[in-house]
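This report refers to the structure that appears directly beneath it.
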Amino acid sequence: WHFNPFSPFGPVVENNSSASFLQKDPYDLLKEGNVKDSPWLTSMTSEEGLYPASTFLKNNYLMEELEKNWRNIAPHLLDYYNTVPQELHDQVSNEIRRFYFGDKIINDAQIVDLVRMLSDRLFSADIERAARLQASVTSFPVYLYSFSYRGAYSAGNFFCNCNDNWGASHGDDLLYLVTTGYGSYSMETEDDRQMVDTMNTIWTSFIQTGFPTASPDAVWIPVAPDVEEEGKLNFLHISSAKDIKSSTSDDLSNRKFWDSLHQVELQKVYDVKRKLADEL
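Under the UniProt record's numbering, the letters of the sequence shown match residues 1 to 280, in that order.
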């Protein structure tokens, strides 16, 4: 639906051979601790789901279609068409809608909930899950930041070809680090220029030392090694260059809700593996 899922191709588990690169599912590798033991810095933005949401939020036809055909569109938009058994599609779609929208109509009055749903499913829940897993199996620290600064320009503006301010889009933290393909812009405000300094300080300090530093006053606590499933997740919240603080959450991205779907998806993966093994 409307080019979604936006990333239909991903890493593929290969047959065991001397030339194979990925021999097991990444989730299994993380659970087993069969990963490179090194410092890791990962991140999420507060409105990750503006990609792909910003590509259709201003399109009345697509918004109406999403409302009317939710059960048919949701498996494609939220990328579980091929990972959840077909007979469970309607049930899963209904549960997701109930959790995020209740009995409300999906329209432009529900943009916050719509973006949050897409953020959680397509980005944040698995970023949180990966950070927890990595921290539980490696000796080096895992650092996570949540970026909610919305500058004068956002990647969401590029995707929607509009000037609406819906928050910090997927890719917005990169705007202050590197040249991106998200349109042309310049750091004309003092706040934006300060954010450039902040983001470059974070990443260069991490590259040089393995320990990221945001500012002299910001204490950055790494993800605790004992929070694989439960417990408080440590992260750095970047609201602006002048508002950076250490924070914690036991469910930063509604992960507990999505874990129920995650288990259904994992079971299908294992069923497929068993079927292939039997055929071989």
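Don't be surprised by glycine CBs; every beta carbon is placed ideally from N, CA and C.
Minimum Cα-Cα distance from F140 among the listed residues F56, L22, K36 and S249 corresponds to K36. Assignment of alpha helix (DSSP H) within the region 31–117, counting only whole runs of 4 or more residues, yields 50–53, 60–68, 70–77 and 89–101 in chain order. Here the region 236–246 lies against the region 210–224, with 3 or more beta-carbon pairs under 8 Å apart. Using a Cβ distance threshold of 8 Å, A131 and V12 do not count as a contacting pair. By the beta-carbon neighbour count (other beta carbons within 10 angstroms, threshold 16), E128 is buried. By the neighbour-count definition (other C-beta atoms within 10 Å, threshold 16), E47 is a buried residue. According to the DSSP assignment, D243 belongs to the beta strand (DSSP E) that extends over D243 to S249. Straight across, the Cα-Cα distance linking F123 with S136 is about 20 Å.
If you check the CB distance, G171 and T180 come in under 8 Å.
Between L57 and A155, the alpha-carbon positions lie close to 14 Å from each other. Contact annotation: P5 and D79 have beta-carbon atoms nearer than 8 Å. Here the C-alpha atom of I202 lies approximately 11 Å from the C-alpha atom of T209. The three-state secondary structure of V142, taken from DSSP, is strand. About 19 Å separates the beta carbons of F211 and D173, which is beyond the 8 Å limit, so they are not a contact pair. DSSP places I238 outside any alpha helix (DSSP H); the residue lies instead in the beta strand (DSSP E), whose first and last residues are L233 to S240.
Remark: C-beta atoms of L30 and Y143 do not approach each other more closely than 8 Å. Secondary structure at F147: strand, using DSSP grouped into helix, strand and coil.
The count of Cβ pairs closer than 8 Å, one atom from the region 184–198 and one from the region 75–89, stays below three, leaving the stretches out of contact.
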